[in-house]
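Here my numbering is used: position 552 in the sequence shown is 553, and no number is missing along the way.
Backbone N, C-alpha and C fix where the C-beta goes; we use that ideal spot for every residue, glycine too.
These notes concern the structure reproduced below.
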Amino acid sequence: METAYEPRIGRIPIRNLSPLQPEDRWPTKAFAGEVVPFEATVFKEGHDQLGTQLLLTAPDGSVRVTRMTKLPIEQAVDRWHAVGQLDQEGAWTWRVRAFVDDWLTWLHNAEIKVPAGVDVELMFQIGAQLLKRAGRSKPVLQALAAFSDPTQSAGERLAFALDPKLTALVETKPLASLVTDSEPHEIRVERSRAGVGSWYEFFPRSIGAKQRKDGSWISGTFRTAAKRLPEVKRMGFDVVYLPPIHPIGRAFRKGPNNTLNAGPNDPGSPWAIGAAEGGHDAIHPDLGTEKDFTFFLDQAKRNGLEVALDLAFQCAPDHPWVTEHPQWFTTLPDGTIAYAENPPKKYQDIYPLNFDNDWDGLTQALLRVVLHWVNLGVKIFRVDNPHTKPLRFWEWLIHEVNAAHPDVIFFAEAFTRPPMMQSLGQVGFQQSYTYFTWRNTKQELEEYLTEVSKETSAWFRPNFFVNTPDILTEYLQFGGRAAYKVRAALAATASPSWGVYSGYELFEDVARPGSEENIDNEKYEYKPRDFAAAEAEGHSLAPYLRQLNRIRDNHPALKQLRNLDVHWSDDGAILVFTKFLAAEHIGRGARPDGIIVVANVDPHSVRETNIHLDLTKLGLPYPSTYQVTELLTNQTWTWGVSNFVRLDAYQEPVHILSVEYPRGA
């Protein structure tokens, strides 16, 4: 006998749930404290009034029930919405519950029929039957008495059904039937640093480096680099990111500006990992010892900083693995090992790994490398070129590490095609570099900010680095001081994670001809800088970076990703977006936090225009007037729906405005 077919749809259809990963193959992601929007399409045959609830089960087993509201029909048909703040790390589950709201269904019909004199007594009888399910509170008893009182008019009797206390009661405990639950889904909530942080990158070998008279160099060390940490913290950064700290290969070592013939005093690229002194689990002797490295980690912690270490799974020709495990590389027909290429770029000093000759041996070795540094105290890894390794490997590695060390964070340097970039986030990478670096016009930025905050935020966490040792965009090369301010302000406000590579604050804007890289690139040479002198002479952006990070610290709305909304301006170069966080998501007694960012993205002009705001995105009634404070200049204005702005790229190209909410708002 055939088994009866079991329909996959519930009695009340609950469709198109969000947030989910594509294919729902892996859990969606959030970070502790993140406010996450949940949505579902819920409908039913007939004319019954529906209700929906969001059920969130926390890692401790507690269940939080939130009433969902229906979006306006112009936004979406039959789409229901709620937000939840996920404040515990670990695995959460969520589902949507739908039901027929019997009271609202009756009330909807009664408000039509009773005034029209249709089935009046029958409607009150049905209403009374329903109310008996609501208990015996005072508003219920009053309504029951009224429904059966023939001495009152029909309108007077019906008015008792609209009593605010009764309405509140049946909203809190709906009179529900045909209750239907969606299937459960998981959200993996990671520590807040997985989603929020200000990053600063520097090369430890350059901090304290000195050149001798004969042209040779004394390298900076972990001890000299540690002296830079208090200033990094004073600028407001949370994470110090170090390029690879391992021995550097000598064979085919690159010279200044990526030249093929290095001189005897050239240190080589830190990404050409491995030499006689060791490989990925070793420390370059010029930087110090393992003890010196743990000293650096300790000093960072004392300054309230975390250290991110570069994880570059590739080898120099003289890496010990080349002779010990030749099967981990690709051997060409002429017997040579293939070096890395990204045409037209060639990296003769780097051998890529081949995962397909000895999968188990190689992947276990790489896992041991990661755990070696985790055991020394490293909890964040910036992963170099993850898109050149199998996606399956990263899924396995991140799962293995996070199963034992859930506080470890992997940050993907994935400047690659969208499917790979997105998939790296989907299989487990907690953060990623982004295309923000190359999105410079108003239209480009509007589209990209909407994408990362709305469309991919369930799995892809952006880190808006403004520059890297490899990336000096034309916008920065030719935009002057204004361009540096604009990019830093946008990165710091649009994304809860952002970063700066050392030298940005000094406006290092000269590129190697024909490239997007800085000339005299620090990848290939020592580059000591006098940051203090530059700031004393007024030639440093460090005070501006301090302002931006201070604003971030004071405004929790800026430490959320999914709350970004793009608004409108009449000028093709004026970008407008807001971030808003309701008071209940900040803390007891707090006011809402609303930020308006208005940026002139043309670094060569003065722009005057009107901007237009959807005030509902800031928790304000429409229309209304309100006070805003410009956080960079401390000016205060009265604003409304449409507002005039003047942004001088040569003075202050960006407004960062805080909405002043009344107490108790």
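Alpha carbon of F532 to alpha carbon of K234, nearest angstrom: 14 Å
Distance CB(L298)-CB(I188) smaller than 8 Å: no
Residues of its chain near H82, where Cβ-Cβ distance is below 8 Å and the 5 sequence neighbours each way are ignored: P38, F39, E40, M69, T70, K71, L72
Rounded distance between the beta-carbons of L425 and I552, thought under 8 Å: No, I552 and L425 are not in contact; Cβ-Cβ is about 30 Å, not under 8 Å.
DSSP state of D88 mapped onto helix, strand, coil: coil
H568 and I612 closer than 8 Å at C-beta: yes
Alpha-carbon to alpha-carbon, V384 and V241: 14 Å
Environment of L167 [buried if 16+ CB atoms lie within 10 Å]: buried
Whether F1 touches A558 by CB criterion (8 Å): Lying outside 2 to 666, the shown extent of the chain, residue 1 is not represented and no answer is given.
Inter-residue Cα distance where the pair is A495 and L565: 7 Å
Sequence ranges, alpha helix (DSSP H) only - wholly within the segment 341-402, length at least 4: 360-377
Cα-Cα separation between D103 and H109, rounded to whole angstroms: 10 Å
Neighbour-count burial assignment, V511, 16 or more Cβ in a 10 Å radius: exposed
C-beta contact flag for K455 and P497 at 8 Å: no
Outcome for R118 when other beta-carbon atoms lying within 10 angstroms are tallied against a minimum of 16: Checking the sequence, you will find Gly at residue 118 rather than Arg. Burial call: exposed.
Pairwise C-alpha distance: A493 and Y545: 11 Å
For G588, the three-state DSSP class (helix, strand or coil): coil
Buried versus exposed call for V66 [16 or more other C-beta atoms within 10 Å across all chains shown]: exposed
Per DSSP, the bridge partner or partners of S199: W499
For V602 and L648, the rounded distance between their alpha carbons: 10 Å
Bridge-paired residues (DSSP) for Q315: P353
Status (buried if at least 16 other CB within 10 Å, exposed otherwise) for K292: exposed
Nearest-angstrom Cβ-Cβ length linking I208 and R229, presumed shorter than 8 Å: 5 Å
Contact belief for G280 with P318 at Cβ below 8 Å, rounded distance in angstroms: At roughly 12 Å, the Cβ-Cβ gap does not stay under 8 Å, so G280 and P318 are not in contact.
First through last residue of the alpha helix (DSSP H) which encompasses S424: 419-428
Test: D239 CB closer than 8 Å to a CB of chain B: Any reference to chain B falls outside this structure, which holds one protein chain only.
Endpoints, beta strand (DSSP E) assigned at K580: 575-582
DSSP three-state assignment for Y242, whether helix, strand or coil: strand
Q315 and I351 closer than 8 Å at C-beta: yes
Assumed close pair Y1, L576 - CB separation to whole angstroms, cut-off 8 Å: The structure shown does not extend to residue 1, since the chain is modelled only from 2 to 666, so the question has no answer here.
Contacts around T29, its chain only, beta-carbon distance under 8 Å, and the 5 residues preceding and following it disregarded: P20, L21, Q22, H186, E187, I188, R189, A459, W460
Beta-carbon proximity list for M124, same chain, < 8 Å, skipping 5 on both sides: W107, N110, A111, K114, V115
Limits of the alpha helix (DSSP H) - the one that Q628 falls within: Looking at the DSSP string, Q628 is not in any alpha helix (DSSP H); the run it does join, the beta strand (DSSP E), is 627-631.
Distance, A210 Cα to K528 Cα: 8 Å
Cα-Cα separation, V308 to G136: 59 Å
W638, DSSP secondary structure in three states: strand
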